[in-house]
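Everything below concerns the one structure shown next.
There are 2 protein chains.
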Amino acid sequence: MVRRTKEEALETRTQLLDAAERVFSDKGVTNTSLNEIAEAAGVTRGAIYWHFRNKMDLIDALMDRVRLPLEDLREQAMAIAPDDIVAQIRINAVHVLRQAVLDPHHRAIATILLHKCEYVDDVLPLKQRHLESRNECAADVEQRFAYAISLGQLPTQLNPRLLTMALFSYVDGLIYNWLLDPDYFDLAAEAETLIDIFFDGLRKPMTPVRGN
Amino acid sequence: MVRRTKEEALETRTQLLDAAERVFSDKGVTNTSLNEIAEAAGVTRGAIYWHFRNKMDLIDALMDRVRLPLEDLREQAMAIAPDDIVAQIRINAVHVLRQAVLDPHHRAIATILLHKCEYVDDVLPLKQRHLESRNECAADVEQRFAYAISLGQLPTQLNPRLLTMALFSYVDGLIYNWLLDPDYFDLAAEAETLIDIFFDGLRKPMTPVRGN
DNA sequence: TCATACATACAGACGTGAATGTTTGTAAAT
DNA sequence: ATTTACAAACATTCACGTCTGTATGTATGA
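Here the protein sequences line up with chains A and B, keeping their order.
Letter by letter, the first sequence follows residues 14 to 225 in our numbering.
Letter by letter, the second sequence follows residues 14 to 225 in our numbering.
Structure (structure tokens):
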């Protein structure tokens, strides 16, 4: 049945994106045909080619929906721990981990990017987007780390850029490994503990650390 | 030209695997046709179907070649720091990072597994193998962490299993992010520093830590 | 206000190329 | 003489892009 009004067409578009998200995260990007997506959305390939130019354009639209709200993260962290920059970053990291597990939307996208997608030439825009997103976020965190170091909240010998890469890699790796086998460990429940493992080596203990 | 003797046939097989490693790590697993691999090896598809049943069988043979020598790692670490278990694990981690960067063979396999492969149903054996390999290695490291804790070389409140996942995720994430953009940071040069960032939070400082 | 014209939002059919698995052919080795 | 180690041809499937058809919505003008 053909959607007639603009609102109905928009709904079709949304259902196509939802279907694509589901099927991609299940069967992989290159292993999924446009026909499968159309079927999962209850339409035909004609609808896809009306709303999108091709598969890459569809993926692009898919990623447009998950523009991570960088500002939100900063504000949220700022509200909880205004003075302690490291605590802010820590909270952000925990939040990202929990989100990847608990929010089906983010989980699907993470699955696609980490496990169901080949970064090859014909989806190069996807890789570019992934990189830009990472670098944009990394630049922000790096600045905050640098500020924390300048405030004496972190040892001065630490390299902010390397430290940022370390944290990002840790978070990415945790999500990657958890998605590989979600039953191996409970990422949502252990998120804080895991982030603590990483951060407890960064802070200068204000008081001598006692044995266990 | 047809290889005639068994030795020549084995060489053809090796060249096919080498070609597959190259092309897969460049163009992705599902995006590479068997014809492309055959061409890269200087033969036709007939040769592939003679040596392997299908693409999956070829991949399987590819992974058989990189059986990580778990024992070697242990012995190597043991030789350097016989008493300090944590130092051993630290050395192993640095070695894995360096290897992923410097050894073309390991780098290609890492690229395939982390960036050029979709973990979907038809390559499920590949995912299984990846998981088993991880779990086997993780079980070993977990045991060593537990031993280190029992010796008092690490705080008792640490959970060995979670700690192992943390370290593995960190290493995986570093390789993942480095492969995403090898120019962003120099993983080989910074490997030790990066591993230090992780580990320095684990050791109980024997003496109170001084300010920077 | 109502008929006409055009645009929208798809469904369905068509042609094409590419990859796969299989089968057959063949020269050399055993 | 038969098996080995491939090359080359064949048949099939399948996904893609395009094109056409069509029912409905919307704008326009008298």
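Note that the Cβ used here is the ideal one computed from N, Cα and C, for glycine as well.
None of these values were measured; they are calculated from a predicted model.
Residue span of the alpha helix (DSSP H) that contains residue i, given as start and end
i, result
"GLN166 of chain A", "From DSSP, GLN166 of chain A is part of no alpha helix (DSSP H); its letter is neither H nor E."
"ARG35 of chain B", "19-40"
"ARG58 of chain B", "58-64"
"TYR189 of chain A", "173-193"
"TYR206 of chain A", "According to the sequence shown, residue 206 of chain A is Thr rather than Tyr. Segment 200-212, the alpha helix (DSSP H) holding THR206 of chain A."
"ASP73 of chain B", "68-77"
"GLU131 of chain A", "That residue, GLU131 of chain A, is in no alpha helix (DSSP H); it is neither H nor E in DSSP."
"ASN48 of chain A", "47-54"
Same chain, Cβ closer than 6 angstroms to residue i, neighbours up to 5 away in sequence not counted
i, result
"ARG252 of chain A", "Residue coverage of chain A in this structure runs from 14 to 225, which leaves residue 252 of chain A outside it and unanswerable."
"GLU111 of chain A", "The residue you asked about is not Glu; residue 111 of chain A is Arg in the sequence shown. So the qualifying residues of the chain are ALA201 and ALA204."
"LEU23 of chain B", "none"
"ASP213 of chain B", "none"
"VAL79 of chain A", "ILE122"
"ARG58 of chain B", "LEU47, ASN48 and ALA51"
"ARG223 of chain B", "With a pLDDT of only 42 at ARG223 of chain B, under 50, the local geometry of the prediction cannot be trusted, and the value read off the model is given with reservation. No residues qualify anywhere along the chain."
"TYR132 of chain A", "LYS140"
"ALA161 of chain A", "ILE98, VAL99 and LEU167"
"PRO173 of chain B", "GLU155, PHE158 and ALA159"
"PHE211 of chain A", "TYR183"
Contacts that residue i makes with chain A (C-beta to C-beta distance below 9 angstroms)
i, result
"PHE211 of chain B", "ALA179, TYR183, ILE210, PHE211 and GLY214"
"PHE198 of chain B", "ARG174, LEU175 and MET178"
"TYR160 of chain B", "Within 9 angstroms Cβ-Cβ: nothing; TYR160 of chain B doesn't reach chain A, min ~16 angstroms."
Under 7 angstroms from the C-beta of residue i: neighbouring residues of chain B
i, result
"GLU203 of chain A", "LEU175"
"LEU207 of chain A", "LEU175 and ALA179"
Partners in chain A for residue i, counting only beta-carbon separations shorter than 7 angstroms
i, result
"ASP194 of chain B", "LEU144"
Chain A residues whose Cβ lies nearer than 8 angstroms to that of residue i
i, result
"GLY41 of chain B", "THR43, GLU131, TYR132 and VAL133"
"HIS128 of chain B", "GLU131 and TYR132"
"ASN190 of chain B", "ARG147, MET178, PHE181, SER182 and ASP185"
Contact set for residue i: own chain, Cβ-Cβ below 8 angstroms, skip 5 residues either direction
i, result
"GLU149 of chain B", "LEU83"
"ASP185 of chain A", "LEU127"
"THR206 of chain A", "none"
Cut-off 7 angstroms between Cβ atoms - residues of its own chain near residue i, not counting five sequence neighbours on either side
i, result
"ILE50 of chain A", "LEU29, ALA32, ALA33, VAL36 and ILE61"
"PRO138 of chain A", "MET69 and ASP73"
"ASN105 of chain A", "LEU86 and ALA90"
"ARG66 of chain A", "none"
"ALA53 of chain A", "ALA32, ARG35 and VAL36"
"ARG142 of chain B", "MET76"
"ALA113 of chain B", "HIS119, ARG120, ALA123 and ILE188"
"THR43 of chain B", "GLU131"
"GLY165 of chain B", "none"
Residue i: CB within 7 angstroms of a non-hydrogen atom of the ligand GDP
i, result
"ASP85 of chain B", "The ligand GDP is absent from the structure shown, which contains no ligand whatsoever."
Item to check | alpha helix (DSSP H) runs wholly inside the segment 83-128 of chain A, at least 4 long, in chain order | outcome: 83-93, 98-115 and 117-128
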